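For the sequence shown, my numbering begins at 1 and goes up steadily by one.
Every residue, glycine too, gets a C-beta built ideally from N, C-alpha and C.
Everything numeric in this text was worked out from a predicted model, so none of it was measured.
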Amino acid sequence: MEIKKIYPFLISCLFLAINLFAQHETSTWTDIQLQRLIDGNKRFTDSKPMHGNQTRERRSEVAKGQKPFAVVVTCSDSRVPPEIIFDQGLGDLFVIRTAGNIIDDIGLGSIEYAVEHLGVQLIVVLGHERCGAVDAAVKGGHAGGHIQNLIEAIRPVVEKEKNNKGDLLDNSVKANVQMVVKQLNSSEPILKEFVHEKKLTIVGARYDLDDGVVTILH
Ligand SMILES: [Zn+2]
């Protein structure tokens, strides 16, 4: 009698445990890795960086092979170094930087390598406040040399933002990030497939030059 009463209770406990485990599994590895970046940025803005993974031991460890936990696509701007603003160390981040954080085929190839061969499951596209490259596209005009290529790549985003309320430069910075997120999500044949199979998450973010805070864009 006693066992009969307790049996359904045990069964429901088992189901609850399985459920919780499954939920944990789906609230995923990439959530944990994104949190790792957010936590690192918090340490940076609190002026309490750990400078983790910057030891001689870490150098020896990663000399044998790399296993970065995230790709960061960001601007070449000297004020936005990913390892510093996310308080990460050697072998943690696979970084692609161009002025205006825009991506061409070479950049795509670099990202595909990180995803397909190094097993990275999280990409953060990080724009920043008062980005000079985006500002050049906002101001228009003609720049010399290959700088014009950068401006042309960003200009369509600026054109779309012109009728929206708020600060055109900051709106364009965010829209430019979203454009690159979209570009990566739909990039064939590799990234699109990984995203489709839920093996890859791509998020956009904005870095504030004044207070150092990284905000995830939704
Ligand atoms: Zn910039």
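Taking the alpha carbon of residue i as the reference point, which residue from the options has its own alpha carbon closest?
i              : options                          : result
aspartate 77   : Gly132, Thr45 and Leu168         : Gly132
leucine 122    : Ala70, Gly212 and Val173         : Ala70
isoleucine 103 : Val124, Ile85 and Asp208         : Val124
arginine 130   : Arg56, Asp208, Val180 and Thr45  : Asp208
glutamine 54   : Phe94, Ile32, Glu83 and Ser47    : Glu83
threonine 28   : Asp39, Leu200, Glu193 and Pro189 : Leu200
Hey, residue i and residue j: beta-carbon distance below 7 angstroms or not?
i                : j                : result
isoleucine 96    : valine 120       : no
glutamine 136    : isoleucine 151   : First, the amino acid is wrong: residue 136 is alanine here, not glutamine. Yes, the Cβ-Cβ distance between alanine 136 and isoleucine 151 is below 7 angstroms.
leucine 191      : alanine 205      : no
glycine 100      : valine 134       : yes
phenylalanine 44 : aspartate 87     : yes
valine 173       : glycine 127      : yes
valine 158       : valine 138       : yes
valine 195       : asparagine 185   : yes
threonine 34     : arginine 59      : The sequence shown places leucine at residue 34, rather than the threonine named in the question. Cβ distance not < 7 angstroms, so leucine 34 and arginine 59 don't count as in contact.
valine 214       : asparagine 41    : yes
glutamate 161    : asparagine 149   : no
alanine 63       : phenylalanine 94 : no
Helix, strand or coil for residue i per DSSP?
i              : result
valine 125     : strand
arginine 97    : strand
valine 180     : helix
leucine 191    : helix
isoleucine 106 : helix
valine 115     : helix
Using only the heavy atoms of ligand 2, determine whether one of them is closer than 6 angstroms to the beta carbon of residue i.
i            : result
aspartate 77 : Ligands displayed in this structure: ligand 1; ligand 2 is not among them.
What are the complete beta strand (DSSP E) segments, minimum 3 residues, inside the segment 18-95?
-> List check, beta strand (DSSP E) in window: 70-74.
Mind listing, in chain order, the continuous alpha helix (DSSP H) runs of no fewer than 4 residues lying wholly within the segment 133-176?
-> Runs found: 147-161.
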